[in-house]
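Numbering follows full-length UniProt numbering, in which position 57 of the sequence shown is assigned residue number 57; successive positions increment by one, without gaps.
We treat Cβ as the ideally placed atom computed from N, Cα and C, and that holds for glycine.
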Amino acid sequence: MRLTPADVHNVAFKKPSIGKRGYDEDEVDAFLDLVEAELSRLIEENNELTNRLKAYESGELTPAGKAGGNESAAGGSGVSFGKDGDSADAADGKAADSADAAKAHEAAEQTIRRDEAAAVAAADSGQSAAQPVAQQAPANQQAQAQPQQSQPAAGQAAAGQAGQPAAGASLAEHHVHAARLLGLAEETAQRLTSEAQASADQTRNSAQAESEKLLTDSRNQSEKMLSDAKNQAEQTVTAARQQAEAITRDSQLKAEAMDREAQRKYDEVMTRLTEQRTSLEKKIDDLRTYEREYRSRLKGWITEQLQQLDDGGSNAAAGANAAAGSNTNSTAGAAQGNQQR
């Protein structure tokens, strides 16, 4: 795929994520502007050379109607261009751009126009010289009998007859020279155009390779940054997971310690309650034993008193009253003793 200035102008690199490194956006834009300008210049130069070559091949730039009246300089121009043709090989090595090709092509056209003008002038002069010779030919033939006049007439006739072949030879020589110059100019123009095209292709390929290299470097950099970000994220997640696990373990250990402490306190409280319960149960048993003993003594005493009442039923009323008072006092004393207990 060919790279165009529009492609370079419209290229858009992905912005690096937050916290990631990347190329300086201003430097990348400045370099792309340089690449775009250079591509535009090369493409315009290539199009100009192509248009000139097409115009030359189509005949739009063929020499016609622009030859002036520089007849006196025709011979000198032909000699000078011949020298230029001899040194064309040395000049071709220095031509590296389209300006040299245009100059060479223009010089060739001017030389061709001058040679054609010189050839036309030579042909006209040959024809003008041949007409007087043709008019004097019968007189020269009649004067052949006169030896003194025959030699000048013969010389003039010979000069007149030789003028037309010389003019034709000069015209043919000029045409051959013009064709040779035209071929040399075409070859030079084609070679310079090829060199300019090759230089443009090389520059375009170099720019395309540089652009691809920049794109590849940017892509590799973005991939590297993405990989670094993923690794950093994984490391962060791993560290957070480890920290959470450590916090969970600490919380679990603390919870287990609190459970053990609560169980220990519960056991202590239950132990104290059990001891208190045992102590109270012992006191209750003691009180029940005392109750049984008290009841037994009270029952024995009441039985003894009843027995005494049964045995002393025949005593006198005084004795009964005394006994009753004594029993009453004893009962009151026993009741007070029970209350005190």
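Report all residues from its chain with a CB closer than 7 Å to the CB of residue i; omit the five preceding and five following residues, and keep chain order.
i             : result
valine 11     : Leu32
leucine 42    : Ala200, Thr203, Arg204
glutamate 106 : none
Measuring straight from C-alpha to C-alpha, what distance separates residue i and residue j?
i              : j              : result
threonine 271  : arginine 249   : 32 Å
isoleucine 18  : alanine 30     : 23 Å
leucine 34     : glycine 22     : 20 Å
methionine 225 : leucine 214    : 16 Å
arginine 241   : asparagine 231 : 15 Å
isoleucine 247 : alanine 257    : 15 Å
serine 211     : lysine 15      : 17 Å
glutamine 263  : leucine 273    : 15 Å
alanine 233    : asparagine 220 : 19 Å
aspartate 24   : threonine 216  : 16 Å
alanine 239    : aspartate 259  : 30 Å
leucine 222    : valine 28      : One detail in the question is off: residue 222 reads as serine in this sequence, not leucine. Straight-line Cα distance between these residues: approximately 15 Å.
leucine 253    : lysine 282     : 43 Å
alanine 255    : tyrosine 294   : 57 Å
aspartate 89   : alanine 209    : Here the model assigns aspartate 89 a pLDDT of 47, short of 50, so the residue's position is not dependable, and the following value carries that caveat. So the alpha carbons of these two residues sit roughly 34 Å apart.
glycine 59     : aspartate 26   : 49 Å
tyrosine 290   : glutamate 261  : 43 Å
glutamine 308  : isoleucine 302 : 10 Å
alanine 316    : aspartate 310  : Confidence at alanine 316 is low in this model, with a pLDDT of 47, below 50, so the placement of that residue should be treated as unreliable; the coordinate-derived value is given next. Taking the straight line from one Cα to the other gives about 14 Å.
arginine 292   : lysine 265     : 40 Å
glutamate 57   : serine 227     : 59 Å
serine 296     : aspartate 267  : 43 Å
glutamine 276  : aspartate 286  : 15 Å
glycine 300    : arginine 288   : 18 Å
arginine 191   : glutamine 110  : 20 Å
threonine 188  : asparagine 51  : 16 Å
valine 269     : leucine 280    : 16 Å
Taking the alpha helix (DSSP H) that residue i belongs to, which residues open and close that run?
i          : result
alanine 37 : 25-58
proline 16 : First-last for proline 16: undefined, no H or E at that position.
valine 8   : 5-10
Can you list, in chain order, the residues of its chain whose CB lies under 6 Å from that of residue i, leaving out five sequence neighbours each side?
i              : result
serine 218     : Phe13
glutamate 36   : Pro5, Val8, His9
serine 251     : none
threonine 278  : none
alanine 235    : Note on identity: in this sequence residue 235 is glutamine, with alanine being the wrong assignment. Answer for glutamine 235: no residue qualifies.
valine 237     : none
isoleucine 284 : none
Report, in whole angstroms, the separation of the C-beta atoms of residue i and residue j, which I expect to be a contact under 8 Å.
i          : j           : result
leucine 39 : alanine 244 : Not a contact, Cβ separation roughly 57 Å.
Could you tell me if the beta carbon of residue i falls within a distance shorter than 7 Å of some heavy atom in the ligand FMN?
i         : result
lysine 14 : Summarising the ligand content, the structure contains no ligands, and the ligand FMN is consequently not present.
In chain order, what residues of the same chain lie with their CB nearer than 8 Å to the CB of residue i, ignoring the 5 residues before and after it?
i           : result
proline 147 : The pLDDT assigned to proline 147 is 43, lower than 50, so where the model puts this residue is not dependable; a value taken from the coordinates is nonetheless given after this. Closer than 8 Å at Cβ, skipping near neighbours: no residue.
Checklist entry - Are there three or more Cβ pairs, one per stretch, closer than 8 Å when the stretch 187-203 is compared with the stretch 32-50? => result Counting Cβ pairs under 8 Å, three or more are found: they touch.
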